[in-house]
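>
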Amino acid sequence: MKKVAVIMGSDSDLPVLKGAFEQLKKLEIPFEAHVYSAHRTPVEAAKFASSARENGFGVLIAAAGKAAHLAGALAAQTTLPVIGIPVKSSTLDGLDALLSTVQMPSGMPVATVAIDGAANAALLAAQILAVEDADLADKLLAMRKAQHDAVIAKDAALKID
Ligand code: RP5
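Every letter in the sequence shown is one number past the one before it in the working numbering, and letter 76, counting from 1, is 93.
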């Protein structure tokens with residue numbers, strides 16, 4: 018199976034990414050996590066992205082806050098799909114990172130999830146890999162069924178006083 022790369026702009030983003038690691042582990046998807054910054058280590062970030070395909074990666078997840086250019090900077094260096102997680106790390110509540118990540122120019126897509134939406138980033142990465150992986154698709158289906166059943170159980174247990 019292809020690996021998922023989880024790149025964060027700073028180690029201060031790590032707590033947000035717990036939800037992504039959890040989902041990737043649950044689905045037994047091999048992944049690597051790294052700290053590369055679009056601004057502080059632009060050469061290393063570009064090098065990682067440009068060699069990601071030959072290094073066995075299938076999807077890149079990029080989490081960054083503030084002027085969050087990481088996902089776009091990685092996308093500029095690879096034709097692998099890049100998923101951006103805008104991180105809420107400043108006084109602007111993540112809106113700065115959301116707009117910096119989502120407003121990519123035509124020709125350079127980044128699939129942007131919600132602010133701090135790490136779990137969905139991992140699930141979207143899994144769904145991309147599952148296009149060519151029936152076992153992974155089955156695992157995703159089982160997760161959807163469990164999610165469905167949990168809501169049905171909550172509905173049955175709902176009591177309004
Ligand atoms: C961004 O700036 C990082 O992704 C992080 O969310 C934010 C703050 O970084 P630190 O100053 O905590 O390293 O580049």
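Note that beta-carbon positions come from the ideal geometry of N, C-alpha and C, so glycine has one too.
Among Gly26, Glu39, Met18, whose alpha-carbon lies nearest the alpha-carbon of Gly73?
Met18
> Within the region 88-160, note down every full alpha helix (DSSP H) run reaching 4 residues or more, in order along the chain.
112-119, 135-147
> Since Gln144 and Leu157 should fall inside the 8 Å C-beta cutoff, what is the C-beta to C-beta distance between them, to a whole number of angstroms?
6 Å
> Please list, in chain order, all residues with a C-beta atom less than 5 Å from at least one heavy atom of ligand 1.
This criterion selects Gly26, Ser27, Ser29, Asp30, Ala81, Gly82, Lys83, Val104, Ser106.
> Under 9 Å, do Ala128 and Val104 count as touching if we go by C-beta distance?
The answer is no: Cβ separation not under 9 Å.
> Leaving out the 5 sequence neighbours to the left and right, which residues in its chain are closer than 6 Å to Ala85 when beta-carbon positions are compared?
Pro103, Ala114, Ser117, Thr118
> May I ask you to report which of helix, strand or coil DSSP gives Ala66?
helix
> Under 8 Å by Cβ, that's how I've got Ala22 and Glu49 pegged, so tell me the actual separation to the nearest angstrom.
6 Å
> Three or more C-beta pairs under 8 Å: does that hold for the region 66-82 against the region 137-153?
yes
> Have a look at Lys54 and Asp155 and give me their C-alpha separation to the nearest angstrom.
A small fix is needed here, since residue 54 is Ser in this sequence, not Lys. Whole-angstrom Cα-Cα distance: 35 Å.
> Which residues share a DSSP beta bridge with Leu77?
Ala22, Val99
> On the premise that Ala135 lies in contact with Val33, defined as a C-beta separation below 8 Å, what is that separation, rounded to the nearest angstrom?
6 Å
> Rounded to whole angstroms, what is the Cα-Cα separation between Thr58 and Ala131?
25 Å
> Alpha carbon to alpha carbon, how far is Thr95 from Ala69? Give it in angstroms, no decimals.
One C-alpha to the other measures close to 8 Å.
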